[in-house]
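In terms of the numbering used here, the sequence shown opens at residue 385 and continues consecutively.
Ideal Cβ positions, reconstructed from N, Cα and C, are used throughout, including at glycine.
Computed from a predicted structure; not experimentally measured.
Structure, as structure tokens:
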Amino acid sequence: MKCRECDEFLADYVSGELAADVLATFELHLSRCRNCRTYVEQYRLTIAAGKTACEAAKEAKGDMPEELIQAILAAARPVRDHSS
Ligand SMILES: [Zn+2]
Numbered sequence: 385m386k387c388r389e390c391d392e393f394l395a396d397y398v399s400g401e402l403a404a405d406v407l408a409t410f411e412l413h414l415s416r417c418r419n420c421r422t423y424v425e426q427y428r429l430t431i432a433a434g435k436t437a438c439e440a441a442k443e444a445k446g447d448m449p450e451e452l453i454q455a456i457l458a459a460a461r462p463v464r465d466h467s468s
């Protein structure tokens, strides 16, 4: 598996929906590739940040402006390192 292929499986991996054989290949790649481990970590943080923003917006009962939520999500978006 190459780093580019990891991208395709990332969302399913994080949501736990990868087929067992793909999961094994994916995790093997992760164990060897620091870039992808970092990327998965950033992806998880982004999802967590998105959930936090949504929950904060609910708690504020719609008082939080949409632009602020989008700004939080944009700031948390992972930056891919394409150098390898
Ligand atoms: Zn990789």
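Taking a C-beta distance under 7 Å as the contact criterion, A432 and I453 do not qualify as a contact pair. Per DSSP, reduced to three states, the secondary structure at S415 is helical. Sorted by chain position, residues whose beta-carbon lies closer than 6 Å to a non-hydrogen atom of ligand 1 are C387, C390, H413, C417, N419, C420. Membership of E451 in the alpha helix (DSSP H) is indicated by the continuous run 450 to 460.
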